[in-house]
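So the sequence shown is numbered by numbering that gives the first Met the number 0: it starts at 0 and just counts up by one. Here a beta-carbon is modelled for each residue, glycine too, at the ideal position from N, C-alpha and C. Comments concern the structure below.
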Amino acid sequence: MARVVVDVMLKPEVLDPQGEAVATALPRLGVSKVESVRIGKRIELEFDDDIDPQQAREQAAQIADALLANPVIEDFQLRQESQPAEQQ
Numbered sequence: 000m001a002r003v004v005v006d007v008m009l010k011p012e013v014l015d016p017q018g019e020a021v022a023t024a025l026p027r028l029g030v031s032k033v034e035s036v037r038i039g040k041r042i043e044l045e046f047d048d049d050i051d052p053q054q055a056r057e058q059a060a061q062i063a064d065a066l067l068a069n070p071v072i073e074d075f076q077l078r079q080e081s082q083p084a085e086q087q
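What follows is the structure, encoded as structure tokens:
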């Protein structure tokens with residue numbers, strides 16, 4: 000199975016209120032050395048076994064650009080994984 004992970008993050012110039020809320024809460028947890036927090040999304044796309052890895056990556060890029068990320072305020076990065084991520 001081909002797995003492509005899409006990480007979507009707000010562009011650096013876009014304010015991140017959710018990240019700000021987490022950063023504000025950290026001192027109450029005793030954490031004082033974190034300078035900033037940015038919140039994003041991780042999307043895992045699993046393709047059929049018979050797809051070429053390059054084709055899977057190209058299709059994932061098309062999906063991310065058209066559906067998963069808002070290009071006005073978000074950037075995305077792709078990476079391929081060979082096996083499922085471990086559950087914690």
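- Look at I72 here: in three-state DSSP terms it is coil, with no helix or strand label.
- In the DSSP assignment, Q79 forms a beta bridge with V3.
- In this structure A65 is not in contact with F75, their Cβ atoms being roughly 11 Å apart against a cut-off of 8 Å.
- The secondary-structure analysis by DSSP pairs K40 across a beta bridge with V7.
- With contacts defined by Cβ atoms closer than 8 Å, E45 and M8 do not form a contacting pair.
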